[in-house]
Structure formats: C-alpha cells, structure tokens
Amino acid sequence: MLEHDGKLRDALQDYARRVPEHLAVAGQFLQLLDEGGEDPFARSRLAGHFTGSAWLVSADGRRVLLTHHRKLERWLQLGGHADGDRDLAGVALREAQEESGLSGLRLEMRTPFDLDRHWIPERGQVPGHWHYDARYVVRAAADERFVVSEESLELAWRDIAAIAADAQADESLRRMARRWLAA
Numbered sequence: 001m002l003e004h005d006g007k008l009r010d011a012l013q014d015y016a017r018r019v020p021e022h023l024a025v026a027g028q029f030l031q032l033l034d035e036g037g038e039d040p041f042a043r044s045r046l047a048g049h050f051t052g053s054a055w056l057v058s059a060d061g062r063r064v065l066l067t068h069h070r071k072l073e074r075w076l077q078l079g080g081h082a083d084g085d086r087d088l089a090g091v092a093l094r095e096a097q098e099e100s101g102l103s104g105l106r107l108e109m110r111t112p113f114d115l116d117r118h119w120i121p122e123r124g125q126v127p128g129h130w131h132y133d134a135r136y137v138v139r140a141a142a143d144e145r146f147v148v149s150e151e152s153l154e155l156a157w158r159d160i161a162a163i164a165a166d167a168q169a170d171e172s173l174r175r176m177a178r179r180w181l182a183a
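Mapping the sequence shown onto my numbering, position 177 (from 1) lands on 177, and the numbers just tick up by one.
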C-alpha cells in the first residue's frame with residue numbers, strides 16, 4: 001500500500017466516525033480504494049475515480065467561492081480530477097488555486113470536510129461515470145479578487161447561510177453549508 005493510500009484510508013475512517021450519517025458513503029470510498037485493478041486516482045478508470053474539491057471559504061468564514069461550472073452548467077464548489085495524484089487534499093488546494101486565481105490559499109485541515117459520490121453524465125467520447133469527491137476546507141486570504149478560468153462560466157462569493165436555506169441550490173452544497181454553520 002502506498003503511503004498516501006494509508007493516510008487516505010485513515011482520513012476516510014475518521015470521517016465515518018465524525019459524520020456517522022455518511023458511514024455508507026465513506027464505505028464506498030474505502031471500497032474503491034481497496035478494489036485493486038485500474039488506478040482509482042486516474043480519470044481513465046471509467047467505472048469511477050477519485051476527485052478533490054475545495055469548500056473555499058472567505059477569510060471571515062461567512063462566504064464560499066462557487067463556480068458556475070462550464071460543462072455541468074451548475075453552481076458548484078471548485079475542484080477536479082486527481083489525475084494520478086494520491087493526495088486528495090493537495091488536489092483540492094491545487095484545483096482551488098487554478099480555478100480561482102487566488103493566491104495565499106491554505107488548507108484548514110488535511111481530513112475531508114465532506115464526501116460525495118455523484119454521477120457524471122456522458123459527454124462526447126467519455127461515458128457516464130462516478131466521481132468519488134473528497135471535499136476539503138480551503139481558506140482564502142484577505143485578497144478575494146478571483147480570476148475566472150476556462151473551466152467556469154462565472155465565479156461568485158456566496159453567503160453560506162443563504163446557500164443553506166436555498167432549496168434550489170445543489171443538495172451537497174446545502175449539506176456543506178449546514179455543516180459549516182453548525183461547526
């Protein structure tokens with residue numbers, strides 16, 4: 001077992017203890033990690049693969065930076081494919097930096113804030129597949145001026161309390177917003 005696989009296993013088990021309502025989801029992530037065969041950190045594994053995302057909060061912790069995702073045409077957290085990188089916390093931080101253009105970002109902790117397994121529909125030559133998305137809290141510095149990347153139609157700072165109350169928002173965004181507010 002690779003060192004990062006052991007760290008991820010420990011982090012997933014810790015998450016399952018901290019968030020018992022997600023025990024089944026954490027179990028799915030652990031199963032993917034243990035399956036063997038094609039690398040679960042590579043997007044070429046079309047049955048499903050790991051991704052890393054950032055719950056990118058403002059310096060004061062009241063807002064989160066969301067992307068209007070170009071391909072999925074929905075407001076979501078920043079994030080993307082691991083592309084072989086077994087450090088999903090590092091993937092989340094890298095994706096947040098690349099997709100926002102913000103400097104001075106820092107990981108709050110190296111354990112997942114949220115786990116979400118979701119279906120990605122077929123697109124072009126890529127068949128539909130599962131994303132096993134580990135989400136990490138990333139904190140912005142005082143300068144919150146972002147740059148919209150090619151992956152986004154738009155970026156926006158959104159009030160976390162408003163997301164928690166918005167029935168039209170993505171369910172996983174509402175879940176993370178509620179969890180953030182409860183903490």
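All residues carry an ideal CB built from backbone N, CA and C; glycine is no exception.
Local Cβ density within 10 Å of residue i, reported as buried at 16 or more and exposed below that
| i | result |
| --- | --- |
| V138 | buried |
| P112 | buried |
| A167 | exposed |
| A169 | buried |
| V57 | buried |
| G79 | buried |
| P40 | buried |
| V126 | exposed |
| M176 | buried |
| R63 | buried |
| E21 | exposed |
| R123 | exposed |
| E99 | buried |
| L65 | buried |
| A165 | exposed |
| A183 | exposed |
| E95 | buried |
Residue i: first and last residue of the uninterrupted alpha helix (DSSP H) it sits in
| i | result |
| --- | --- |
| R135 | Note, R135: premise wrong, no alpha helix (DSSP H); beta strand (DSSP E) at 129-139. |
| R174 | 171-182 |
| Q97 | 88-100 |
| F222 | Outside the displayed span of the chain (1 to 183) sits residue 222, for which this structure offers no information. |
Cross-strand partners of residue i (DSSP beta bridge)
| i | result |
| --- | --- |
| S152 | H69 |
| D114 | R135 |
| A167 | According to DSSP, A167 bridges with nothing at all. |
| S53 | G79, R135 |
| V147 | For V147, which the question treats as bridged, DSSP gives no partner whatsoever. |
| I120 | H129 |
Distance between residue j and residue i (C-alpha atoms, nearest Å)
| i | j | result |
| --- | --- | --- |
| D5 | L93 | 18 Å |
| A89 | W55 | 11 Å |
| S103 | S152 | 18 Å |
| K7 | Q31 | 15 Å |
| L181 | R17 | 20 Å |
| L105 | L72 | 25 Å |
| R70 | A156 | 14 Å |
Chain-order list of residues whose beta-carbon lies under 7 Å from that of residue i (same chain, five-residue window excluded)
| i | result |
| --- | --- |
| E154 | H68, V148 |
| F29 | L12, L115, Y132 |
| R9 | L30, L33 |
Own chain partners of residue i with C-beta closer than 6 Å, once the 5 adjacent residues on each side are dropped
| i | result |
| --- | --- |
| D118 | The question names Asp, but residue 118 is His in the sequence shown. Cβ neighbours of H118 beyond the five flanking positions: H131. |
| H81 | R43, T51 |
| L173 | I163 |
Close beta carbons around residue i, own chain, < 8 Å, minus the five adjacent residues each side
| i | result |
| --- | --- |
| D14 | T111 |
| A59 | R139, A140, A141, A142, E144 |
Span of the beta strand (DSSP E) around residue i
| i | result |
| --- | --- |
| V19 | Segment: none, V19 is in no beta strand (DSSP E) and carries neither H nor E. |
| L46 | Segment: none, L46 is in no beta strand (DSSP E) and carries neither H nor E. |
| Q77 | 75-81 |
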